[in-house]
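With my numbering, the residue at position 162 of the sequence shown is 174, and numbering never jumps. Even for Gly, the Cβ is constructed at its ideal location relative to N, Cα and C. Predicted model only: the values in this text are computed from it and were never measured.
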Amino acid sequence: ADLRGFAPTDSECFRVEGNLHILTIDGLRDLALLAGLTEVSGRLSIGMNPDLKSLAALGSRRRVDGPLSLFNNPSLASLEGLHNVVHVGGVGVGSNERLTSLEGLQNVVHVGGGVSVSHNERLLDLAGLRNLSTVGWLGVSGNPKLTTLADLKRLSSVADGLGILSNEALVDLDGLQRIT
13 ADLRGFAPTD SECFRVEGNL HILTIDGLRD LALLAGLTEV SGRLSIGMNP DLKSLAALGS
73 RRRVDGPLSL FNNPSLASLE GLHNVVHVGG VGVGSNERLT SLEGLQNVVH VGGGVSVSHN
133 ERLLDLAGLR NLSTVGWLGV SGNPKLTTLA DLKRLSSVAD GLGILSNEAL VDLDGLQRIT
C-alpha cells in the first residue's frame with residue numbers, strides 16, 4: 013500500500029477536511045505517512061486492513077469531529093497512537109481479533125455520539141475508556157473475554173441508550189453505578 017502523496021513530505025502537521033477512510037489496503041503495516049495528522053473534520057475509518065499492526069504514527073492527532081471507526085483489522089493488537097485524541101464525535105471498535113485493550117483512548121472524556129465496542133475476540137477490559145464521563149449511547153457486545161466494566165466507573169451520563177449483551181465472561185455490571 014502506498015499513501016505517499018497524500019500527506020506532506022516533511023514533518024509538518026496537517027488537517028483533513030471531511031472524511032478519511034483507510035480501507036482494504038493489503039500490505040499496510042502502519043500509518044507512518046500520516047504522522048503529522050492532527051485533525052479530521054469528519055469521519056475517520058480504519059478498517060479491513062489485514063496487515064495493519066500499529067497506529068503509533070497517529071500520536072499527533074488530537075481531534076476527530078465525526079466518528080472514529082476501527083474495524084476488521086485482524087493484526088491490530090493495540091490502539092496506542094490515539095493517546096492524544098481528546099475530542100471525538102463517536103467511537104466504534106469492532107472485530108479486531110488481536111486487540112486486548114482499548115488503551116490509547118484514555119484521554120477521551122466526552123463523546124457526543126455513540127461508543128460501540130463489539131466482537132473483539134481477545135478484549136479483556138475497557139481500561140482505555142476509564143476517563144469517559146458522557147456519551148450519547150453505549151453498546152458493548154460480543155466480546156467473549158471481557159470480564160469487567162469497572163473501568164467505566166466515571167461514566168455518569170448516557171443520553172440515548174445503553175446495551176450490554178453477549179459478553180460471555182462478564183459476570184456483573186459493576187462500573188455502571190453512576191449513570192443517570
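**Report entry** Limits of the beta strand (DSSP E) - the one that arginine 27 falls within
**Finding:** If you number the sequence shown from 1, residue 27 lands on position 15. Where arginine 27 is concerned, the enclosing beta strand (DSSP E) stretches over 26-28.
Requested in this report: Return the CA-CA distance between glycine 30 and serine 57, expressed in angstroms with no decimal places.
Outcome: Reading the sequence shown from its first residue, position 18 is the one you call residue 30. Reading the sequence shown from its first residue, position 45 is the one you call residue 57. Rounded to the nearest angstrom, the two C-alpha atoms are 12 Å apart.
Report task. Below 8 Å CB to CB, which residues in the same chain sit around glutamate 24 once its five sequence neighbours on both sides are set aside? Result -> Numbered from its first residue, the sequence shown carries residue 24 at position 12. Same-chain partners within the cutoff: Gly48.
Requested in this report: On the DSSP bridge assignment, give the partners of serine 153 in chain order.
Outcome: Within the sequence shown, the letter at position 141 stands for residue 153. For serine 153, which the question treats as bridged, DSSP gives the partners Ser130, Leu177.
Query raised in the report: What number of angstroms, rounded off, separates the C-alpha of aspartate 184 from the C-alpha of aspartate 163?
Result: Mapped onto the sequence shown, residue 184 falls at position 172. Mapped onto the sequence shown, residue 163 falls at position 151. Computed Cα separation, rounded: 13 Å.
**Report entry** Residue(s) in a DSSP beta bridge with isoleucine 58
**Finding:** Counting from 1 along the sequence shown, the entry for residue 58 is found at position 46. In the DSSP output, where bridge partners are listed per residue, isoleucine 58 has Ile34, Leu82.
**Report entry** Cβ-based burial, glycine 102 [other Cβ within 10 Å; buried from 16]
**Finding:** As a working note, residue 102 is residue 90 in the sequence shown. Classification of glycine 102: buried, given that the 10 Å Cβ count is 16 or more.
Query raised in the report: Just the Cα atoms here: how many angstroms apart are leucine 188 and serine 145?
Result: Here residue 188 refers to the residue found at position 176 when the sequence shown is read from its first residue. Here residue 145 refers to the residue found at position 133 when the sequence shown is read from its first residue. For leucine 188 and serine 145, the distance between alpha carbons rounds to 11 Å.
Query raised in the report: Expressed to the nearest angstrom, what Euclidean distance is found between the alpha-carbon atoms of isoleucine 191 and leucine 117?
Result: Start at 1 with the first residue of the sequence shown, and residue 191 comes out as number 179. Start at 1 with the first residue of the sequence shown, and residue 117 comes out as number 105. Taking the straight line from one Cα to the other gives about 20 Å.
Query raised in the report: Since leucine 138 and lysine 157 are thought to touch, with beta carbons under 8 Å apart, how far apart are those beta carbons, to the nearest angstrom?
Result: The residue labelled residue 138 in the question sits at position 126 within the sequence shown. The residue labelled residue 157 in the question sits at position 145 within the sequence shown. Contact flag wrong, Cβ pair sits at about 12 Å.
Query raised in the report: In angstroms, rounded to a whole number, what distance separates the CA positions of aspartate 14 and serine 168?
Result: As a working note, residue 14 is residue 2 in the sequence shown. As a working note, residue 168 is residue 156 in the sequence shown. For aspartate 14, the predicted model reports a pLDDT of 47, less than 50, meaning its position is unreliable; a value from the coordinates is still stated below. Whole-angstrom Cα-Cα distance: 43 Å.
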